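Notes for the one structure printed next.
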Amino acid sequence: MTISGDIRHQMIVLARSSRTRASDFKTTRPTRWQPEQVRNPNSQLDSHFTDSSAWELIANKLESGHPVETIILEKPQGKTGYVMLIEIEDDQPPLYVKLQLGPGQIFGRSFHYSNPN
292 MTISGDIRHQ
302 MIVLARSSRT
312 RASDFKTTRP
322 TRWQPEQVRN
332 PNSQLDSHFT
342 DSSAWELIAN
352 KLESGHPVET
362 IILEKPQGKT
372 GYVMLIEIED
382 DQPPLYVKLQ
392 LGPGQIFGRS
402 FHYSNPN
């Protein structure tokens, strides 16, 4: 299922502000947020993503209309998750990004190379 324009806009606004985004691990909201392990092919300064550049990539992809799938999360049970698979380098698996919306916040749940099947 694709997301509405309103949800997409909300995600962009929240992802662009350091005050409204979070990626910290909690047992009720586990994360695999590993931007420092993903090569950033567009950076002149850092060879890998930083937390800030990961959020910038996410907001840019959302703005450009990149496909987003919805899933039902196991933790917290029944909540909606938003998933993007982003091709960033030809010789690497796609980047797996999973997000969750909360009241006035966006949570980064996953940012890592997709596991090859």
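Numbering (the numbering used here), first residue to last: 292 to 408. Beta carbons are placed, not taken as given, at the ideal position from N, Cα and C, and that holds for glycine. Values in this document were obtained by computation on a predicted structure and should not be read as measured data.
Report the three-state DSSP secondary structure of S403 (helix, strand or coil). Before going on, a small fix: residue 403 reads as His here, not Ser. H403 falls in the strand class under three-state DSSP.
Which residues does DSSP list as the beta-bridge partners of Q396? Q396 is bridged to G393.
Around the C-beta of P358, are 16 or more other C-beta atoms found within 10 angstroms, so that it is buried, or is it exposed? Exposed, because fewer than 16 other Cβ atoms sit within 10 Å of the Cβ of P358.
Backbone CA spacing between E327 and H339 [nearest angstrom]: So the two alpha carbons sit approximately 5 Å from each other.
For R320, tell me which candidate among E347, L390 and G356 has the shortest Cα-Cα distance. Answer by Cα proximity: L390.
Taking Cβ to Cβ, would you say M375 is nearer than 9 Å to E365? It is not a contact, given that the beta carbons lie outside the stated cut-off.
Report the residue ranges of all alpha helix (DSSP H) runs contained in full by the segment 299–344; include only those spanning at least 4 residues, in chain order. None, since the segment 299–344 contains no complete alpha helix (DSSP H) of that length.
Do A313 and A350 have their C-beta atoms closer together than 9 Å? With a cutoff of 9 Å on beta-carbon distance, A313 and A350 are scored as not near each other.
C-alpha gap between Y387 and T371, whole angstroms: Going by the C-alpha atoms only, they are around 16 Å apart.
Which same chain residues end up closer than 7 Å to G395 when comparing Cβ atoms and leaving out the 5 residues on each side of it in sequence? Sequence-distant Cβ neighbours of G395 in its own chain, meaning closer than 7 Å and more than five residues away, are T311.
Near S249, which residues of its chain fall below 7 Å by C-beta distance, leaving aside the five closest residues on each side in sequence? The chain is shown only over 292 to 408; residue 249 falls outside these bounds and no answer can be derived.
Give me, in chain order, the residues of the same chain whose beta-carbon lies closer than 6 Å to that of N408; leave out the 5 immediate sequence neighbours on both sides. With a pLDDT of only 49 at N408, under 50, the local geometry of the prediction cannot be trusted, and no value is derived from it.
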